[in-house]
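Given below as structure tokens:
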């Protein structure tokens, strides 16, 4: 695949690092929003699949993540993250005007992508949500009820059955391996409510991907949010035995095939 290009934008909280995986003659743009505590560089394999299918791919490191500015994993308002992602979309459209935009969000990035689709409803041509933090996610309430949030990092075993993925995650210096921060948990709780009240996305084609052994963002809680968000153009794909990161799971070839098939159905030829 092409080497990633690096951009730096003026984000809402300082310099925003953006990855671009270019395509010489793209037929669509793909914008990837990564999950909590990680960074966009972990999505190189997904970017290769998308560029191989005709996309120019852009992905920011969210504020406080990866190589972007900000206190690590501190997000006080997810609306700022959505604004940053929109700035990346504008960068992509300026380089390749007139192309359809596909928004891909994983986990926390699914929350961001869902809110993006609500705020900028006329812009995306398709929405792909992987293990999205929307609907009835109980973790924020449990953590906020505690006097002190415990210093328990995300367990690599909860992400994937692939030992190589687990080892790479554990050794990645750009991944946050500490506890969640209270302002971020509070922002999660507020934005879950905002998306819940924000209405559906109309006839925007939506692909929902989820592992049925996802212990971080359980399937049943996410379902309520996805079904409320969808205006009826929903495609659901649940992967048996898969954990939280289906793009990094042992069944990812099947996951990527579902993404390609969905895009072929919903994008102009």
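In the working numbering, the protein residues as written are 340 to 608.
Glycine is no exception: its CB is placed at the ideal position from the N, C-alpha and C atoms.
When beta bridges are read from the DSSP output, residue 550 appears opposite 578. Judged by beta-carbon spacing, residue 346 lies beyond the 8 Å limit of residue 482, meaning their Cβ atoms are not closer than that value.
Classified as buried, residue 553 has 16 or more neighbouring CB atoms from the shown chains inside 10 Å of its CB. Note that the stretch 349-366 does not touch the stretch 488-499; fewer than 3 beta-carbon pairs, one per stretch, sit closer than 8 Å.
In terms of Cα proximity to residue 586, the closest of 470, 418, 602 is 470. Here residue 559 is exposed. Its C-beta has fewer than 16 other C-beta atoms within 10 Å. Between the alpha carbons of residue 592 and residue 379 lies a distance of about 20 Å. Per DSSP, residue 514 lies in no alpha helix (DSSP H) and is assigned neither H nor E. Counted as a single uninterrupted DSSP element, the alpha helix (DSSP H) harbouring residue 536 occupies residues 521-536. Contact between the stretch 598-607 and the stretch 459-467 is present, with at least three C-beta pairs closer than 8 Å. Going by C-alpha positions, residue 393 is about 13 Å away from residue 600.
By DSSP's assignment, residue 367 forms a beta bridge with 394. DSSP links residue 360 through a beta bridge to 396.
DSSP assignment within the stretch 455-495 yields the following whole beta strand (DSSP E) runs of 3 residues or more, N-terminal first: 465-469. With contacts defined as CB atoms closer than 8 Å, residue 455 and residue 412 fail to qualify as a contacting pair. Membership of residue 402 in any beta strand (DSSP E) is not indicated, and neither H nor E is assigned to it by DSSP. Across the structure, residue 386 and residue 525 are spaced so that their CA atoms are roughly 31 Å apart. DSSP places residue 420 in the uninterrupted alpha helix (DSSP H) bounded by 417-434. In this structure, residue 582 lies near residue 550, with their beta-carbon atoms less than 8 Å apart. Rounded to the nearest whole angstrom, the CA to CA distance from residue 487 to residue 433 is 45 Å.
By the Cβ neighbour-count rule, residue 342 is exposed, with fewer than 16 other Cβ atoms within 10 Å of its own. If you draw a straight line from the Cα of residue 517 to the Cα of residue 457, it comes to about 31 Å.
Rounded to whole angstroms, the gap between the alpha carbons of residue 522 and residue 574 is 34 Å. With fewer than 16 other CB atoms across the displayed protein chains lying within 10 angstroms of its CB, residue 485 is exposed. The beta carbon of residue 427 sits closer than 8 Å to those of 348, 355, 357, 370, 397, 398, 399, all from its chain and outside the five residues before and after it, given in chain order.
The residue among 452, 395, 505 with its C-alpha nearest the C-alpha of residue 545 is 452. Contact between residue 539 and residue 567 holds: their C-beta atoms lie close to 7 Å from each other, under 8 Å.
Non-local beta-carbon contacts of residue 570 in its own chain, meaning distances under 6 Å to residues more than five positions away in sequence, involve 539, 540, 541, 542 in chain order.
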